[in-house]
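Worksheet for the structure shown next.
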Amino acid sequence: MRLGWDEIARRAKAFSEDWKDAHYEKGETHSFYNDFFEVFGIKRRQVADYERRVKLLNNKQGFIDLFWPKTLLIEQKSSNLDLRKAETQALDYLVGIHPTEQPRFILTCDFQTWVLRDRDSSGDPLTFKLADLHKHVTAFDFMLGRRVSFERQEAVTIKAAELMGRIHDALEEGGYTGHNLERFLVRLLFCMFADDTGIFQPKDIFLQLIEHDTAPDGSNVGRVINELFEVLDTPEDRRQANLSAELKQFPYVNGELFRENLRTPAFTKKMREDLLDCCRHDWSAVSPAIFGSLFQSVMDAKERRAKGAHYTSEENIMKVIGPLFLDDLRDELEKLKARKTAKDKALLEFQARLSRLTFLDPACGCGNFLVIAYREVRRLELECLQELYGNQRIDAELMTRVTVDQFYGIEYEEFPAMIAEVAMWMTDHIANNAINEAFRLNYARIPLKGGAHIRHGDALEIDWNEVLPAEKCRYVMGNPPFVGAKYQTQFQREQVRRIANLGGSGGTLDYVAAWFLKAGAYIQPNKRVRIAFVATNSITQGEQVAQLWPLLFDRYGLEIAFAHRTFNWFSEARGKAHVHVVIAGLTHRDFEPGEKRLFSYPDIKSDPVESRHGALTAYLFDARAVADRHLVVKEESAPINSAPRLISGSQPIDGGHLIFEPDERLEFLAKEPAARDWMRRYIGAADFIKGGERWILALQDISPADLRRMPHVLERLARVREFRSESKRVSTLAIADQPTRFNVEAIPKEPFLALPEVSSERRDYIPIGWLEPPSIPSNKMRFLPEATVWEFGVLTSRMHMAWLKHVGGRLESRYQYGIGIVYNTFPWPGASPSQISKVKEFARAVLDARAAHPASSLADLYDPDTMPANLRKAHRALDAAVDRLYRRTPFDSDRDRVEHLFGLYEQMVNPLQTKGAAKNRRVARKAAKAN
Numbered sequence: 006m007r008l009g010w011d012e013i014a015r016r017a018k019a020f021s022e023d024w025k026d027a028h029y030e031k032g033e034t035h036s037f038y039n040d041f042f043e044v045f046g047i048k049r050r051q052v053a054d055y056e057r058r059v060k061l062l063n064n065k066q067g068f069i070d071l072f073w074p075k076t077l078l079i080e081q082k083s084s085n086l087d088l089r090k091a092e093t094q095a096l097d098y099l100v101g102i103h104p105t106e107q108p109r110f111i112l113t114c115d116f117q118t119w120v121l122r123d124r125d126s127s128g129d130p131l132t133f134k135l136a137d138l139h140k141h142v143t144a145f146d147f148m149l150g151r152r153v154s155f156e157r158q159e160a161v162t163i164k165a166a167e168l169m170g171r172i173h174d175a176l177e178e179g180g181y182t183g184h185n186l187e188r189f190l191v192r193l194l195f196c197m198f199a200d201d202t203g204i205f206q207p208k209d210i211f212l213q214l215i216e217h218d219t220a221p222d223g224s225n226v227g228r229v230i231n232e233l234f235e236v237l238d239t240p241e242d243r244r245q246a247n248l249s250a251e252l253k254q255f256p257y258v259n260g261e262l263f264r265e266n267l268r269t270p271a272f273t274k275k276m277r278e279d280l281l282d283c284c285r286h287d288w289s290a291v292s293p294a295i296f297g298s299l300f301q302s303v304m305d306a307k308e309r310r311a312k313g314a315h316y317t318s319e320e321n322i323m324k325v326i327g328p329l330f331l332d333d334l335r336d337e338l339e340k341l342k343a344r345k346t347a348k349d350k351a352l353l354e355f356q357a358r359l360s361r362l363t364f365l366d367p368a369c370g371c372g373n374f375l376v377i378a379y380r381e382v383r384r385l386e387l388e389c390l391q392e393l394y395g396n397q398r399i400d401a402e403l404m405t406r407v408t409v410d411q412f413y414g415i416e417y418e419e420f421p422a423m424i425a426e427v428a429m430w431m432t433d434h435i436a437n438n439a440i441n442e443a444f445r446l447n448y449a450r451i452p453l454k455g456g457a458h459i460r461h462g463d464a465l466e467i468d469w470n471e472v473l474p475a476e477k478c479r480y481v482m483g484n485p486p487f488v489g490a491k492y493q494t495q496f497q498r499e500q501v502r503r504i505a506n507l508g509g510s511g512g513t514l515d516y517v518a519a520w521f522l523k524a525g526a527y528i529q530p531n532k533r534v535r536i537a538f539v540a541t542n543s544i545t546q547g548e549q550v551a552q553l554w555p556l557l558f559d560r561y562g563l564e565i566a567f568a569h570r571t572f573n574w575f576s577e578a579r580g581k582a583h584v585h586v587v588i589a590g591l592t593h594r595d596f597e598p599g600e601k602r603l604f605s606y607p608d609i610k611s612d613p614v615e616s617r618h619g620a621l622t623a624y625l626f627d628a629r630a631v632a633d634r635h636l637v638v639k640e641e642s643a644p645i646n647s648a649p650r651l652i653s654g655s656q657p658i659d660g661g662h663l664i665f666e667p668d669e670r671l672e673f674l675a676k677e678p679a680a681r682d683w684m685r686r687y688i689g690a691a692d693f694i695k696g697g698e699r700w701i702l703a704l705q706d707i708s709p710a711d712l713r714r715m716p717h718v719l720e721r722l723a724r725v726r727e728f729r730s731e732s733k734r735v736s737t738l739a740i741a742d743q744p745t746r747f748n749v750e751a752i753p754k755e756p757f758l759a760l761p762e763v764s765s766e767r768r769d770y771i772p773i774g775w776l777e778p779p780s781i782p783s784n785k786m787r788f789l790p791e792a793t794v795w796e797f798g799v800l801t802s803r804m805h806m807a808w809l810k811h812v813g814g815r816l817e818s819r820y821q822y823g824i825g826i827v828y829n830t831f832p833w834p835g836a837s838p839s840q841i842s843k844v845k846e847f848a849r850a851v852l853d854a855r856a857a858h859p860a861s862s863l864a865d866l867y868d869p870d871t872m873p874a875n876l877r878k879a880h881r882a883l884d885a886a887v888d889r890l891y892r893r894t895p896f897d898s899d900r901d902r903v904e905h906l907f908g909l910y911e912q913m914v915n916p917l918q919t920k921g922a923a924k925n926r927r928v929a930r931k932a933a934k935a936n
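Residue numbers for the sequence shown follow our numbering, so the first one is 6 and each next one is one higher.
Below, the structure is given as C-alpha cells:
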C-alpha cells in the first residue's frame with residue numbers, strides 16, 4: 006500500500022504515544038523498531054536485520070543493533086546514555102561493512118532522543134524528541150526511496166554503468182545475446198532504479214528477492230527474475246491466488262516494458278554475485294543519463310566510430326536546450342511570478358503551454374537530450390505550481406500536466422531505443438518525487454500510462470512526420486552521428502548525397518549535415534519550429550560551408566538564431582570520446598529572433614562567453630561587415646586575389662616502398678650504394694616543423710642502364726607496381742606501370758617557401774619558412790616557388806592566421822591549410838612600395854629572431870609555452886605592420902580581423918552587391934568600439 010504523508014504522520018503520532026515510556030535497550034529494541042518501520046508501511050524483517058555481526062579494526066567483533074544495507078544503520082541505547090558515544094560506535098562499524106552495503110544514514114537513539122545523520126551531507130544531524138517524530142517524518146523519506154544525493158551523482162552513475170557492463174558481458178559470453186539480452190538488461194535497470202526510488206515499496210524488495218529467493222549457485226536466478234517480470238506485467242486483481250508473498254508486493258507496472266516473453270538466462274554463482282553488487286548500488290543517486298554511459302560501456306571503440314556515437318554530458322546538453330527554449334521559458338516564468346495582477350491566470354496558462362510543447366530528437370540514442378529536456382520542463386511546471394498553491398495540499402495527478410508523451414525520438418539501434426523509453430520513465434518518477442517533496446505527497450505514476458514515443462529506425466530513411474507531424478512539433482534537437490566524409494560507408498554516403506542533392510560529385514559533407522537538411526525540409530509546413538543540433542566543427546569551416554549553408558539559407562529559408570563556436574566535447578563513458586564540435590540553433594527567417602546569441606570559447610578549457618548580434622554568418626561571426634550575410638567562401642582552383650600560385654607537394658602513392666627512415670636508408674645503402682645519388686630529403690609537415698628526417702627515391706630522370714645496375718631498387722619498384730595495381734583509384738591504376746613516377750610530381754628547382762598542411766591549433770602562427778632543393782616537399786606540404794620576404798611577411802601574419810582559423814578546415818582541432826579554400830581566397834592587402842618595404846623589414850626581423858636559436862626546431866620556436874621573447878616581439882611588430890595595410894584603426898581580435906577580411910572577400914566575388922558594405926563596416930567598427 007502506498008501511504009501519503011498525512012497517514013504516515015498520523016501513524017508516527019500514534020507510535021510516539023505507544024512508546025512514550027520506552028527506555029530499556031535489551032528488552033524493547035526489536036519491538037520498538039518493528040513498529041517504527043510499520044509507520045511507513047514497511048515490514049522490518051523484509052529489509053533490515055538485528056544484531057548484524059561485523060569485524061572491527063582490532064579484529065574484535067561488533068554487533069549492529071539494526072542494519073538496512075545501503076540505507077540505514079541504527080545504534081540503540083537505553084535512555085539517558087551518551088548518544089555521542091553511540092555515534093562513535095556506529096562509525097566504527099562502517100569499517101566492517103562491504104562497500105556495496107555502506108549505509109547512507111546513521112540513527113542513534115535512546116528511545117526518547119533521536120539523532121539522524123546523512124553521511125552525504127556536510128550539515129549538522131537532525132535531533133528531535135520521540136514526541137515530535139510526526140513533525141519530522143519526511144526526514145525519513147529515504148525509507149520510501151525518496152532521498153536523492155546529487156553531490157555524488159556523477160561518480161555513482163559511472164559506477165552503475167560499469168556494474169551493468171559486467172552483467173552484460175557475462176550474459177553475452179554465456180550465449181544470451183541480441184534482443185533478449187538487451188530487453189533483459191533494460192528491465193533489470195528499471196527494477197534496480199525502482200527498488201531505490203520508491204516505485205517499488207517497500208524499498209529494496211527487488212534486492213531482497215534476489216538475495217533470499219535465489220540459490221547461491223545462481224541456478225534459478227533467471228527463472229525467478231522472469232517470474233517477476235510476468236508479475237510486473239499483471240494487474241494485482243488478475244494475479245494467481247497462490248503467488249508468493251514476496252512477489253505479491255510488487256506493483257503492476259504496465260507500459261509494455263514487461264509484456265514480451267524472454268528466454269530465461271542462465272546465471273552462475275559469480276554472475277549472481279555481480280547482480281547483487283549491482284542491486285546494492287545506490288540507484289537513487291543515478292542520473293537517467295546513466296543509460297547513455299551504459300550503452301557506450303558495452304561498445305568497443307571501433308563500433309563507436311562506425312556509428313558516430315558520442316555520449317552527451319548534461320553540461321553539453323544544457324548548451325543546446327538553454328538557448329533553444331529553456332532560457333526563454335525561465336525568463337517568462339520569472340516575469341509572471343513578479344506580476345501584481347491576473348497572476349494566477351497567467352501562471353495557469355503558462356503551465357498549459359508547457360503541456361502543449363512537443364520535442365523531437367531524430368538521433369536520440371539513449372534519450373539523453375529528451376531526458377534532460379523533460380526534467381527541466383517538469384521543474385518549470387513544479388515552480389509554477391509552487392507559486393500558484395504555496396504550501397496547500399494538491400491532487401498531483403490532476404494538477405501536473407506535463408508528461409513524457411510530449412517527447413519523441415528516432416534511434417537507429419534497438420537497444421538504445423529501449424533504454425530511452427525507460428530513461429524517460431525514470432525521469433518522470435524523479436520529477437514526481439520532487440512534487441511529493443514540495444507538497445508532502447506520496448504520488449507515483451504506476452501503472453505506467455503512455456510514454457515517450459521512440460521510433461526504432463534510420464532517421465534518414467524515415468519520414469519524421471510519421472513520428473511527429475511537423476504541424477504539431479515545436480522543437481527539434483539532438484546530437485546526430487559524427488561520421489566524417491572519409492569514414493562513411495557507401496550507404497551513408499549515398500544517403501547524404503540524396504538528401505543534399507548537390508549534383509555532380511555529391512559533395513564531401515559530414516554525416517551530421519544530413520540531419521540539418523532533413524530538419525530544414527521537415528519544418529516547412531510549420532515554420533515556427535526551432536532546430537538545434539550538435540555538429541562537427543567542420544560544417545562551419547573549410548569546404549563544407551559552401552556545400553551546406555546555401556542549402557539551409559536559400560533552399561529552406563533558415564537563419565542562425567544562436568550558436569556555440571568550437572569547443573571540446575568530452576564523453577563520460579568508458580573509452581571517452583574526444584571531439585571538437587559546434588552547436589547551431591536555427592529558425593525559419595519568418596520567425597527569427599531580433600538578437601542572435603553567440604557563445605565563444607577564449608581557450609579550449611574555458612567557459613563560454615556570450616555576445617549578441619544582429620545576424621551571424623555560417624562561420625559563426627558577426628555579419629554586420631558584409632552586405633550578404635549568407636555569403637560563403639567557395640573553394641577556388643586558382644588564386645582570385647592576384648597572388649602567385651601555391652602548389653601542393655609530391656605524392657608518390659607507393660605503399661611506402663620508395664620512402665626511408667634514416668636507419669632504413671643506411672641499411673638500404675649498405676646493400677645498394679649506387680642508390681645514394683637518387684635519394685633526396687622528403688619533407689612532410691611533421692618533418693618540417695619538428696626537424697624529422699625522411700628520404701625518398703626520386704628516379705624520374707634515371708636511365709634504364711643505371712636502373713638495371715641496382716637490383717634492390719628494381720625490387721622496390723616491383724612492389725610499387727604491385728601496390729598500385731591493387732588500387733581501386735583510376736589515377737593510381739594509370740601509373741601502375743610507371744613505378745619511377747610519382748602520382749603527383751612537384752619537385753622544386755629553386756628555393757621555395759614551405760607551408761605545412763596541418764599545424765597544431767595551440768600555435769599562434771603556423772610555422773613557415775624556406776627550403777632548398779634537392780629537398781622534395783611531400784603532399785603534406787604546400788610551397789610557393791620564387792617567394793620573396795613580402796609573401797612570407799603576409800602569410801605569417803596574424804591577419805592571414807585569422808583567415809585560416811575561421812575559414813580554413815580542421816583536422817580534428819588542428820589547423821588544416823587548404824590551398825583552394827584558404828590561400829586562393831585570402832584578400833591580399835593593397836600596398837605601396839614603401840609599405841611593402843616596411844613589411845619586408847619586419848619579416849626579416851622574424852627570420853633573424855629564429856636564426857638566433859639555431860638548435861631549436863620550429864616546433865620549439867612556435868610552442869606558446871617555449872616561444873622566445875625576441876621571436877614573439879618580432880611577430881607582433883610584423884602583425885601591426887600588416888594590420889595597417891588593411892585599415893588604420895587597430896583590430897581588437899582575430900574575429901575582428903576576419904570580419905573585415907570577409908567584407909573584402911565579398912568585394913572580390915560580388916563587386917556589384919557590396920555597394921553598402923564599406924558603410925556597414927564603418928558602422929560595425931563604431932558599434933564594436935562603443936561596446
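Glycine included, each C-beta is placed from N, C-alpha and C at the ideal position.
For clarity, every value in this text was computed on a predicted model and none was experimentally measured.
By the Cβ rule, the region 853-868 does not count as touching the region 819-826, because fewer than three pairs are nearer than 8 Å. Between the C-alpha atoms of Glu755 and Arg685 there is a straight-line separation of about 15 Å. By the beta-carbon neighbour count (other beta carbons within 10 angstroms, threshold 16), Thr592 is buried. When Cβ pairs closer than 8 Å are counted between the two stretches, the region 674-693 is seen not to touch the region 644-653, the count staying below three. As for any beta strand (DSSP E) of minimum length 3 sitting wholly inside the region 453-477, the runs are 458-461, ordered along the chain. Below 8 Å, enough C-beta pairs join the region 750-766 and the region 780-790 to call them touching: three or more.
Uninterrupted beta strand (DSSP E) stretches at least 3 residues long and entirely within the region 501-564 occur at 535-541, given in chain order. Cβ-Cβ separation between Cys371 and Ala428: approximately 6 Å, consistent with a contact (criterion under 8 Å). Relative to Ala17, the option among Glu43, Gly32, Phe355 whose CA is nearest is Glu43. In this structure, Tyr448 is the residue among Tyr448, Pro240, Asp137, Asn531 with its C-alpha nearest to the C-alpha of Thr202. Ser653 sits in a strand when the DSSP states are folded into three classes. Following the DSSP letters along the chain, one finds Tyr55 inside the beta strand (DSSP E) bounded by residues 54-60. Each residue's CA atom was taken as its position, placing Pro485 and Ala475 some 19 Å apart. The beta carbon of Leu176 lies closer than 6 Å to those of Leu186, Pro270 in the same chain, with the five residues before and after it left out.
Spanning the alpha carbons of His103 and Asp209 requires a straight line of approximately 17 Å. Under the three-state reduction of DSSP, Gly774 is assigned to strand. Taking one beta carbon from each stretch, the region 661-678 and the region 701-718 have 3 or more pairs nearer than 8 Å; the two touch. In its chain, beyond the 5 residues on either side, Asp366, Pro367, Ala368, Cys369, Phe374, Phe538 have a beta carbon closer than 7 Å to the beta carbon of Gly483. Under the DSSP assignment, Gly908 falls outside any beta strand (DSSP E), being part of the alpha helix (DSSP H) whose first and last residues are 899-914. Contact between Gly512 and Ala505 holds: their C-beta atoms lie close to 6 Å from each other, under 8 Å. As the crow flies, the alpha-carbon of Ala623 is around 37 Å from that of Glu354. Annotation: Asp125 to Phe37 spans about 27 Å, alpha carbon to alpha carbon. Per DSSP, the beta-bridge partners of Trp119 are Cys114, Phe133.
Contact between Val631 and Met423 is ruled out by a C-beta separation of about 48 Å, above the 8 Å threshold.
Apart from the 5 residues on each side of it in sequence, Tyr561 sits with its Cβ closer than 6 Å to the Cβ of Gly525 in its chain, given in chain order. Residue pairing for Met684: DSSP places it in a beta bridge opposite Leu702. By the neighbour-count definition (other C-beta atoms within 10 Å, threshold 16), Phe496 is an exposed residue.
Assignment of Gly798 by DSSP, reduced to helix, strand and coil, places it in the helix class. Excluding sequence positions up to five before and after Asn259, its CB lies within less than 6 Å of the CB of Pro452, Leu453, all in the same chain and listed in chain order. With contacts defined by Cβ atoms closer than 8 Å, Arg726 and Ala741 form a contacting pair. Rounded to whole angstroms, the Cβ separation of Ile326 and Ile377 is 7 Å, and the two are in contact under 8 Å.
In this structure, His805 and Val812 do not form a Cβ contact; the two beta carbons are roughly 11 Å apart against a cut-off of 8 Å. Counting C-beta pairs with one atom in each stretch, the region 868-882 and the region 594-610 have fewer than three that are closer than 8 Å, which means they do not touch. Phe788 sits away from Pro657, with the two beta carbons spaced by 8 Å or more. If you ignore the 5 residues before and after Ile536, its C-beta comes within less than 6 Å of the C-beta of Val481, Ala524, Leu591, all in its own chain and listed in chain order.
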